[in-house]
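S.K.:
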Amino acid sequence: MLYHFLTGPMLLLSMTVFFGGMIYRLVSYFRGLDWRLERVAYTARLAQGMKGGFHSICKWLIPFGTRGWRTQPFFTVCFLLLHTGAVLTPAFLAGHNVILQDTLGFTRPSMPQPLADVLVLGTIAGATFILLRRLALPEVRILTTVSDYGILALATLPFVTGFATRLHTELYDFWLLCHIISGELLLILAPFTRLSHMVLYFASRWQLGADYAIKRGGRARGPCFPW
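Offset between the sequence shown (1-based) and my numbering: plus 16.
#1: Quick one: Cα of Gly14 to Cα of Met26, how far?
#2: Enumerate in chain order the residues of its own chain whose CB-to-CB distance from Thr181 is below 7 angstroms, with the five nearest sequence positions on each side excluded.
#3: Following the continuous alpha helix (DSSP H) through Asp50, name the residue where it begins and the one where it ends.
#4: Identify whether Arg124 lies in helix, strand or coil by the three-state DSSP scheme.
#5: Between Met38 and Val215, which are expected to be in contact by the criterion C-beta below 8 angstroms, what is the C-beta distance as a whole number of angstroms?
#6: I'd like to confirm something about Thr161: is its beta-carbon nearer than 6 angstroms to some heavy atom of the ligand MG, or not?
#7: Return the CA-CA distance between Ile78 and Leu148, expressed in angstroms with no decimal places.
#8: Counting only runs of 4+ residues fully inside the stretch 156-242, write out the alpha helix (DSSP H) ranges in chain order.
#9: If I'm right that Thr139 touches Leu97 with Cβ under 8 angstroms, what's the distance once you round it to whole angstroms?
#10: May I have the straight-line CA-CA distance separating Thr123 from Ala152, to the nearest angstrom?
#11: Quick test of the definition: if touching needs 3 or more C-beta pairs under 8 angstroms, does the stretch 94-112 touch the stretch 125-139?
#12: Here's a check: name, in chain order, each residue in its chain whose Cβ is nearer than 8 angstroms to the Cβ of Asp164, leaving out the five neighbours to either side.
#13: Measure the Cβ-Cβ separation of Pro174 and Ser212 and say whether it is below 7 angstroms.
#14: Straight-line CA distance for Thr105 to Gly111?
#15: In its own chain, which residues sit with a C-beta less than 8 angstroms from the C-beta of Pro242, not counting the 5 before and 5 after it?
#16: Less than 7 angstroms separating the beta-carbons of Ser8 and Leu203?
#17: Can you tell me whether DSSP reads Phe80 as helix, strand or coil?
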């Protein structure tokens, strides 16, 4: 009974809050841009800004494609491990597609289960290394708040419980419910926490690229952004 509630009405509510909230945060971000405050002629140089913005996004999506990535190789690897699995696994896991088919009537391509296992373990490993980095480095630890640790735990818990479910132990039903609840809790809270960077990361990268392209010549000054 609880399983059907969580994979039915609660799933629909969670997805509505997540997508509605993320769209609102994204629209609010761009509506908040003001050329008078930013001193950037967004409207007058829109085409130039669009090119610079998308160039910035693409560069930061390439592993070690920017100076910022290359100056922190260990953090870059951890970041990529965490986010690659966190994005691809929920979207293309076969078990999730079964629930989508039953609840919403559509499905997506599914990845092979061994690949999903590798991505999940990579996500957990990346989150663990990021946690250790925050604890070990004074310059990072002093900037980390309790909520930062909570958000990292919230983002990792669905993968830990999902992998525990995958092991098919005697506690399978328990881990399955924990996985569903933690996943839906993440969806509901994401738009209201720093997890909103799922979309705002791209918005801020676009803004920085657009600013650079409009104000300082952008790509005409070299093959890569200096940050």
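Cβ atoms here follow ideal geometry from the backbone N, Cα and C, with glycine treated the same way. Computed from a prediction, not measured in an experiment: that's the story for all the values here.
M.R.: Quick look at the numbers:
#1: Because the chain spans 17 through 243 in this model, residue 14 falls outside it and cannot be assessed.
#2: As a first step, residue 181 must be located in the sequence shown, where it is residue number 165. These residues qualify, in order along the chain: Tyr188, Trp191, Leu192 and His195.
#3: Stepping through the sequence shown from its first residue, residue 50 is reached at position 34. Asp50 -> no alpha helix (DSSP H), and no H or E assigned at all.
#4: Your numbering for residue 124 matches position 108 in the sequence shown. Arg124 falls in the coil class under three-state DSSP.
#5: Residue 38 sits at position 22 when you count from the first residue of the sequence shown. Residue 215 sits at position 199 when you count from the first residue of the sequence shown. Their Cβ separation, rounded to whole angstroms, is 5 angstroms, which keeps Met38 and Val215 in contact under 8 angstroms.
#6: Absence of the ligand MG is noted for the structure shown, with no ligands found whatsoever.
#7: Taking the first residue of the sequence shown as 1, we reach residue 78 at position 62. Taking the first residue of the sequence shown as 1, we reach residue 148 at position 132. Roughly 25 angstroms separates the two Cα atoms.
#8: 162-182, 188-205 and 213-232
#9: As a position in the sequence shown, residue 139 is number 123, starting the count at 1. As a position in the sequence shown, residue 97 is number 81, starting the count at 1. So it is a contact: roughly 7 angstroms between Cβ atoms.
#10: Start at 1 with the first residue of the sequence shown, and residue 123 comes out as number 107. Start at 1 with the first residue of the sequence shown, and residue 152 comes out as number 136. Each residue's Cα considered, the two are about 43 angstroms apart.
#11: yes
#12: Against the sequence shown, residue 164 aligns to sequence position 148. Only Arg150 and Arg210 meet the Cβ criterion.
#13: The residue labelled residue 174 in the question sits at position 158 within the sequence shown. The residue labelled residue 212 in the question sits at position 196 within the sequence shown. No, they are not a contact pair.
#14: Your numbering for residue 105 matches position 89 in the sequence shown. Your numbering for residue 111 matches position 95 in the sequence shown. C-alpha separation (whole angstroms): 10 angstroms.
#15: Looking up residue 242 in the sequence shown gives position 226. For Pro242, the predicted model reports a pLDDT of 44, less than 50, meaning its position is unreliable and no value from the coordinates is stated.
#16: In this structure the chain extends from 17 to 243, so residue 8 is not present and cannot be described.
#17: Along the sequence shown, read from residue 1 onward, the residue named residue 80 stands at position 64. Of the three classes helix, strand and coil, the one that applies to Phe80 here is coil, per DSSP.
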